[in-house]
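Read in the UniProt record's numbering, the sequence shown has 570 at position 570, and its numbers run on one by one without any break. Beta carbons: idealized from backbone N, C-alpha and C, even for Gly. Below is one structure, written out as structure tokens; the observations come after it.
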Amino acid sequence: MVEADLTLTEEEKDILKNYDSRLFGFIRWFDPANTLTEVNHRTLLQKGIHYLVNKLRIEGKGVDPKVFCKLGHYHMLQEEYGEAMSAYQRYFGLTEDYFKDAAFLYGLGIVYFHFNAYHWSIKAFQQLLYVDPSFIRANEVHLRLGLMFKSLSSFDASLKHFQLALLDSSPCSLSKVEIQFHIAHLFEMQSKYELAKEAYQAIIAAADMPPQVQSVAWRQLGWMHHSHHQLGEKTQRIQEAVHCLQKSLELDQSSGSSWYFLGRCFAQLGKIHDAFTAYRHAIDKAEANADTWCSIGVLYQQQNQPMDALQAYVCAVQLDNNHVAAWTDLGVLYETGSHFNDAIICYSNALKACGSPNIGLETRMRCLKEKMDSGVVHGDVNNSLPSIEEAWKLPIPAELTTRTVRLVQQARLKHQVLLQANTHSALDKQDNLPQKVSGDVSQQALEKNEIKVEHPMFFSKTKSFASSVHSNLSVKGSNIHQQPSKPDSSPIWNQNNISIYEESSVGSQIIKDDTNLNAINHSSQTPNATPHFAAQPSVSSGLPLISPVSSEKELNLLTISSDISKDFTEKKKLSLTTSSSPTTIVSPSKPFGSPKSMLASEYTVPKISLILNENKIPVCPPRPPPVPKDQLNPPTPSITINDRREAMTPALRNFCLDKRNPVTVIKGLCKSLKLDLSLFTTRRLVEQNPDHPIEIRHQRQQNTTENWDEEGKMNVWACKSTKSKMTIAKYAQYQASTYQDSLQADEEMKEKKKDETEDDQKKKKKFKLIKFGTNVDLSDLKKWKPQLAELTKLPLFCKVVCGSNMLCHVGHNILGMNTVQLYMKIPGCRTPGHQENNLFAAVNINIGPGDCEWFSCDNIYWGVFHELCEKNNINFLSGSWWPILDELHEAGIPVYRFIQKPGDLVWLNCGNVHWVQSSGWCNNIAWNVGPLIAHQFELAVERYEWNKLQDYKSIVPMINLCWGMARNIRIPESRFANHLKICLERSLAYCEKTYAILNDMNVEVTWHGREKNEAAHYCSTCEVEVFNILFVKEMNKKLLVHCQDCARKTSVNLEGFMVLNQYTTEDLRSVYSSFCANTTKGSGEKT
């Protein structure tokens, strides 16, 4: 950087005040900073950086931390991400209330995103949206969250954020069409092919759709037909794929990807000449492409042209040294020609490129080694095939274009360049990141085997951003070789390149998905497998944010490259200026406003927080002190009840509610109270309501301490199951039949085990699929009157309906929480690890006749569970997980483990983490309870706010619950009452501020009222609770409720919305006043 003047004029300082991360993507470097000066943005930013660095040098430790934050913004706007990260780190370390600065969180999230540190980027963006839901760049945040969750296979979260981005009318780096395309592909990744097909067809059929957009949709639709057998018979699917791809090429002849896919389809149909022709076009359009050359090799091999096949495979692996399919096919070619040693080398390279065990390749290599050791050669040796070393040195085939030759030569130098990069140790102390090889490599340098290494930059062997956000998309990117653009005409688009139109290389994923290349390769590849050449960024250990990614293994999952397109408008021949896209951004001819005007927000939305300190953000609890090893398996608190008097004593309630007892097993309670548990047996249920629906979970039957992956090789946390529906009568038949089958199966297994060795048993790992009947709703008093009446015999603190149960004051049924649910089980049925909704206490009774095995942990350890789930790429709140006990012990988490016998009542205290597996054939009934104590209320509120931070729906509407309790009961505990009072105050203030905003906008509020037992309302888009003031819009002939923020993002002026209220301000004030009076009176009496 050229040395600049270390002083700034007052005018320049005034302009620089308005530069922060929110301008990222909205300024052109070489445009004047304002109308009164000729200094452009880039020059001014550079002067600002020099000025701040000099200020830091002069003031030293006494400098204002905000200087570091500002310095981070300036560096980020210039795409100097390493320097930006360093400055942001310093600001984070010096500032406790960093989370109050939304621009800082946005900049930090963008920088993490650039370095592929998705988990950290997600945390930064989530904190940002929690602190400022109406943030001016919220649209961009939702888009990037959608892309990251999509890459991490969190499909529901991804869809939610894509829909929020689609809803928002503010500018964004993707057009609405591109977001719709991502949603369509999301459906495809989830195997929801009909939805994906409809979404692609909707894009194609949309009016005034640009031809290139339609071409991309046709291409993806065609490849989807090619790849997924669920869409019909193979030949018919391939023919439909050919039709779609030809439609794509009619609209865009320059699409190398479409030509390549068409070649694959022709090869499938046996049209060899047509396939070669299509591949030729693919090479002409997309040039260097390892997948294309691999496919050409397969065709040559099928035509018995081994030498041509070998050259094609060698070209493929020279272009991509980690191309699994090419190495495998090359190995097969050598094996067919009895070149066993070369075949083993190729298989070994394929295995390394896999990055994970591959049974097919390992078995093949073992067989070849045995043949070589035996000295027996099967078949004739093909002497015309050169060895792998000789093949590597062969002249590059003339069929490659000049640019492809250059890229192959560049690939041949890869190993040398990597060695140079790895041994380079002169890194700046802040920039502990790998380096980047310059894309501007001259032909002369290539010929001399010389290459220039720039520093400090970010080096990655990854695909471009466009490829990785299309993780399994038919179009996968490679590094974009950008040409420098003219300074006077190039707008700087700082967003990562996430367009759907990238015509870069076709992804290796499609090779791995195809079953027609080699069965060896296919044996261990899954459609969503992460390629071995994923980015492996090295990130400084001092990066901000608590609970960062805890292992390099997680970073290896992050396959999105950080390379950024310097010119968003010039990288496409077609400008994405549809009616719904932000033309002010993508049009280089349209002038941008001043930084100050670009940061002006069009609206503000009041924010409400229920935690006591509303200036804090929810965080995971700190890790508790380590526990001695001999205390990691503590005895489970247990009480035996001998008579009704003991069952009703307050001592039992106090023991169960004691925070020192995370879980309590109460034995003899049902017998002492003469509860007729036979009312809940399968026979009685069938007699009463045989056609009552139940939800079925299809699971694999395993031991309680095991949770094997799909291949049965290792224990994992992810606990997978699928859903279906059934009736009670049908499940009863299933329960009975499995019991009869088990008697016969036990005898057969004993005989088999006698004849099997331990190794044989380890190899097989065959799992039986079982059905778990869950969430049987018993809330209907007309259907289940005897059962519900029987439960009224329980002590008050355990009752489903009781004035001292918070959940009875919500005002409506919450299935499974303030209503009873029943679970029907056979041996091995699992309830995966979880905490109860909003951390409420719970009651569970085993009806029998079999037992259940429980695992339980104290609420104080949920933060550690959250870390372990994150480490295993599982969402703690919405994911399905089965903890590995050894890992829990290594983390120092005590685990209560016990057997629940028939008739035993298990009391789960507030926030208890637990997971359960049935040991026999049994039924269980369960529900939640909200004791009227401050501890329970505080935990419920904290989880309510944590759920908002994590974009997770809270099933318990806490604001509605607060007003329900204020209307109905007096709170005896002063700490509890004061917290509830604060929640009412903030809720009332929120309503009054909203009324004032609507009044200023001249928006009419219509009285709606609230019916008895009417369910609480949630935003149909972001799923936050909407209390009292409802923003309603008709969509697809349905009236959908929105929160204020989503409504304003859809339409700043609330055009098309009806605003309804359920309570008057006078009514709410009256309830609040009465509650305050009762609280004061109660505390006075207590004193």
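Just mark residue i as buried or exposed, buried being the case when its beta carbon has 16 or more other beta carbons within 10 Å.
i     : result
G911  : buried
H809  : buried
W1007 : exposed
A278  : buried
S1074 : exposed
V1052 : exposed
L23   : buried
L44   : buried
K1049 : buried
S724  : exposed
N322  : buried
T7    : exposed
W392  : exposed
Q303  : exposed
E1011 : exposed
K369  : exposed
K948  : buried
M714  : exposed
Per DSSP, what are the beta-bridge partners of residue i in this structure?
i    : result
G931 : Per the sequence presented here, residue 931 reads as Pro, with Gly not at that position. N805.
T831 : V916
D777 : Q821
Put residue i into one of helix, strand or coil per three-state DSSP.
i     : result
D20   : coil
K1033 : strand
R653  : helix
Y81   : helix
Q900  : strand
P456  : Summary for P456: the model assigns pLDDT 26, below 50, so the residue's position carries little reliability; its value from the coordinates is reported in the next sentence. In this structure, P456 counts as coil in the three-state DSSP scheme.
Q435  : With a pLDDT of only 32 at Q435, under 50, the local geometry of the prediction cannot be trusted, and the value read off the model is given with reservation. Three-state result, Q435: coil.
H161  : helix
Q787  : helix
I845  : strand
N139  : helix
H1017 : strand
Y823  : strand
H1042 : strand
V1059 : strand
S1070 : helix
R697  : strand
N358  : coil
W708  : strand
E1025 : strand
K730  : helix
I'd like to check one pair, residue j with residue i: are the Cβ atoms closer than 8 Å?
i     : j     : result
E853  : Q917  : yes
Y106  : S21   : yes
S856  : Y823  : no
W921  : G850  : yes
S294  : A326  : Before going on, a small fix: residue 294 reads as Cys here, not Ser. Yes, Cβ-Cβ distance for C294 and A326 is below 8 Å.
A1047 : L1039 : no
P621  : G828  : no
V1059 : N909  : no
I925  : V820  : yes
F840  : L794  : no
S215  : D252  : yes
A977  : T1079 : yes
Cβ contact check for the stretch 784-804 and the stretch 702-715: 3 or more pairs under 8 Å: no
Cβ pair count under 8 Å reaching 3, the stretch 690-703 against the stretch 767-778: yes
Any 3 or more C-beta pairs closer than 8 Å across the stretch 384-391 and the stretch 331-343: yes
Contact between the stretch 641-653 and the stretch 878-898 (3+ Cβ pairs under 8 Å): no
Validate contact between the stretch 264-282 and the stretch 292-307 using beta carbons, cut 8 Å, 3 pairs: yes
The stretch 210-227 contacting the stretch 241-250, beta-carbon criterion three pairs below 8 Å: yes
Given 8 Å, three or more beta-carbon pairs between the stretch 933-950 and the stretch 964-976: yes
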